[in-house]
């Protein structure tokens, strides 16, 4: 299992364990609710909640050609999730690089942030922005 799926997998396992405990107590409705809530949380924190990632080299190449932003992120990051949710449909107008899948992307983030892997890091028009305001980025992507 890749690192991006560990947190969602653990959430689903925890939800299943709690639901099984509630089923054993005879509370089927509450068990179903718990299972659904944990499954949704796992989905939100999974790589599936983000646009399909590209590698850092491809993202830079495409960005140079069309001027779109490059967003460096990692699964399970609450700030990345906040940015993704607040961007809404505009998120599809950027290139997303999962730094846990792409070592070159992680190195790019470390170079920008002085050695840390602080995400989300956005590069727009050659200018890096670490944990930018979602409203600002949404306006830039339009």
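Numbering (this note's numbering), first residue to last: 152 to 293. Each residue gets a CB set at the ideal place from its N, CA and C atoms; glycine is no exception. Nothing here was measured: the structure is a model prediction, and the numbers come from that model.
Between residue 250 and residue 278, the C-beta gap is not smaller than 9 Å, which leaves the two residues out of contact.
Burial state of residue 171 is exposed, judged by a 10 Å Cβ sphere holding fewer than 16 other Cβ atoms. Listed in chain order, the beta strand (DSSP E) runs fully inside the region 212 to 245 are 221 to 224, counting runs of at least 3 residues. The beta-carbon separation of residue 241 and residue 293, rounded to 6 Å, stays under the 8 Å limit for a contact. Assignment of residue 272 by DSSP, reduced to helix, strand and coil, places it in the strand class. Burial of residue 253 is indicated by the presence of at least 16 other C-beta atoms within 10 angstroms of its C-beta. Taking the C-beta atoms as reference points, residue 282 is found nearer than 9 Å to residue 234. DSSP lists 222 as the bridge partner or partners of residue 247.
Taking a cut-off of 8 Å for Cβ pairs, the region 175 to 183 and the region 212 to 224 do not touch, as fewer than three such pairs fall below it. The alpha-carbon of residue 207 is positioned some 46 Å away from that of residue 174. With a contact defined as Cβ atoms closer than 8 Å, residue 196 and residue 162 qualify at about 7 Å. Residue 248 holds the alpha-carbon nearest to the alpha-carbon of residue 201 among 160, 215 and 248. Buried is the label assigned to residue 225, since at least 16 other Cβ atoms lie within 10 Å of its Cβ.
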